[in-house]
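In the numbering used here, the protein residues as written are -1 to 86. Positions of the beta carbon are idealized from the N, C-alpha and C atoms, including for glycine. This one's a predicted model, so the numbers in the text were calculated from it and none came from an experiment.
Shown next as structure tokens:
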């Protein structure tokens, strides 16, 4: 995967989002409105990258996580790990 590959960009984003949701927002620090804005922006980018890659590239479970917003709220890295197993 090259740096411009949407699969790599999605994996990088999911890893960063999980770290942010785990404790990153506390280190910055962000208030509730800033956290919500970050997650909304992350969700928009997740949806864009999902469309670029094509929904057929994802399992049903992962696609649900990506489309529902669960991936933008994930603080465990589970979405990243599942995506890595499917896309890498």
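Inter-segment contact for the segment 34 to 50 and the segment 1 to 10 is present: three or more beta-carbon pairs are separated by less than 8 angstroms. Between residue 70 and residue 37, the C-beta spacing is below 8 angstroms. Runs of the alpha helix (DSSP H) lying entirely within the segment 12 to 54, each at least 4 residues long, are 30 to 51 in chain order. For residue 77, the enclosing alpha helix (DSSP H) stretches over residues 76 to 85.
A Cβ-Cβ distance of about 6 angstroms is found for the pair residue 85 and residue 9, placing them in contact under the 8 angstroms criterion. Distance from residue 74 to residue 16 at the Cβ level is roughly 7 angstroms; contact confirmed, criterion being Cβ atoms closer than 8 angstroms. Residue 57 sits in coil when the DSSP states are folded into three classes, being neither helix nor strand.
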